[in-house]
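The structure under discussion appears below in the form of structure tokens.
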Amino acid sequence: SIQDTTHDEL
Amino acid sequence: MNVFRLAGDISHLLAIIILLLKIWTSRSCAGISGKSQVMFAITYTARYLDLFTNFISLYNSTMKIIFLGAAYATLYLIYVRFKATYDHNHDTFRVEFLLIPTVILSVLINHDFSPLEILWTFSIYLESVAILPQLFMVSKTGEAESITSHYLFALGSYRALYIINWVYRYYAEGFYDLIAIVAGVVQTVLYCDFFYLYITKGSRANATEMSIEA
Chain A
159 SIQDTTHDEL
Chain B
4 MNVFRLAGDI SHLLAIIILL LKIWTSRSCA GISGKSQVMF AITYTARYLD LFTNFISLYN
64 STMKIIFLGA AYATLYLIYV RFKATYDHNH DTFRVEFLLI PTVILSVLIN HDFSPLEILW
124 TFSIYLESVA ILPQLFMVSK TGEAESITSH YLFALGSYRA LYIINWVYRY YAEGFYDLIA
184 IVAGVVQTVL YCDFFYLYIT KGSRANATEM SIEA
């Protein structure tokens, strides 16, 4: 899982 | 970016444009829940604060600015410009029942206990239920103008397309975000009853209005 806090979706 | 995500974004954009045009050309916001629109404006504001901290792409930033601008333009039309046509007698959903639980949930269940991340999480939870005052209003008055139905269909399709995008991303990139997925599924499920009516009743050639039973 990738749970970094950069959200690349709108 | 994949085709499902792009289609979802376009559907979202289309929904917002349909609503703005409907209000602007009819000079009326009758049948539109101002409360839902306030919650969408809160949603985008809380989520897109990362415009100032993170640059993802020109596409990403442009869409965020459009969504924010359109959300506040919609509020302006409902609460200022065409205030006289706002149907507040039918817009009676108690928004504290949505705001308070989503605030609490975002503090309790998030990826990282930091201000921006909690605001992002809150925006995801709030968006998933923000349409309820609008659906409540439609069920209360028993009908929605066909243009309002198109708006709801486009808006509901957006998160449904995002779910397909998340399935694709899980297999293609190994990426998944449980908070977004669970909230997105809840959001889409809320539209199911509406989708059913839209497809079965809305397809009749001369249908100009559709009834929605509570």
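Residue numbers (the numbering used here), protein chains in the order written: chain A, 159 to 168; chain B, 4 to 217. Beta carbons: idealized from backbone N, C-alpha and C, even for Gly.
Within 10 angstroms of its Cβ, does residue i collect 16 or more other Cβ (buried), or is it exposed?
i, result
"R8 of chain B", "buried"
"A111 of chain B", "Sequence check: residue 111 of chain B is Leu here, not Ala. Burial call: exposed."
"P136 of chain B", "buried"
"G145 of chain B", "exposed"
"L61 of chain B", "exposed"
"I81 of chain B", "buried"
"V132 of chain B", "buried"
"M42 of chain B", "buried"
"N168 of chain B", "buried"
"Y165 of chain B", "buried"
Can you grab the Cα-Cα spacing for the pair residue i / residue j, in whole Å?
i, j, result
"Y89 of chain B", "V83 of chain B", "10 Å"
"Q190 of chain B", "I13 of chain B", "18 Å"
"G159 of chain B", "Y194 of chain B", "6 Å"
"I20 of chain B", "A73 of chain B", "8 Å"
"L200 of chain B", "T56 of chain B", "42 Å"
"A217 of chain B", "F198 of chain B", "Residue placement at A217 of chain B is flagged as unreliable, the pLDDT there being 49, under the threshold of 50; the coordinate-derived value follows with that caveat. Taking the straight line joining both Cα atoms gives about 14 Å."
"A33 of chain B", "G177 of chain B", "45 Å"
"D53 of chain B", "L24 of chain B", "28 Å"
"L71 of chain B", "Y174 of chain B", "31 Å"
"A49 of chain B", "H114 of chain B", "16 Å"
"L119 of chain B", "D180 of chain B", "16 Å"
"A10 of chain B", "G187 of chain B", "16 Å"
"E99 of chain B", "I150 of chain B", "28 Å"
"S117 of chain B", "T203 of chain B", "45 Å"
"A163 of chain B", "A87 of chain B", "34 Å"
"L168 of chain A", "S152 of chain B", "23 Å"
"L16 of chain B", "M140 of chain B", "23 Å"
"I184 of chain B", "Y154 of chain B", "23 Å"
"S142 of chain B", "A157 of chain B", "18 Å"
"T65 of chain B", "F96 of chain B", "32 Å"
Please state the DSSP three-state secondary structure of residue i.
i, result
"F70 of chain B", "helix"
"R84 of chain B", "helix"
"V98 of chain B", "coil"
"E120 of chain B", "helix"
"A210 of chain B", "At A210 of chain B the pLDDT is 43, less than 50, meaning the model places this residue with poor confidence; the figure from the coordinates comes in the next sentence. DSSP places A210 of chain B in coil when its eight states are reduced to three."
"E176 of chain B", "helix"
"D196 of chain B", "helix"
"N92 of chain B", "coil"
"L108 of chain B", "helix"
"N5 of chain B", "coil"
"L181 of chain B", "helix"
Legend entry - Entirely enclosed alpha helix (DSSP H) segments - the region 126–157 of chain B, minimum 4 residues: 135–144
Inset, instruction - Please go through the region 10–73 of chain B and give each complete alpha helix (DSSP H) segment of 4 or more residues, from N-terminal end onward. - result: 37–50
Inset, instruction - Could you please tell me which residues of the region 63–78 of chain B, in chain order, have their CB closer than 9 Å to any CB of chain A? - result: N63, M66, K67 and F70
Legend entry - chain A contacts made by the region 132–147 of chain B, where a contact means CB separation under 8 Å: none
Legend entry - Interface residues of the region 23–46 of chain B facing chain A [CB-CB below 7 Å]: none
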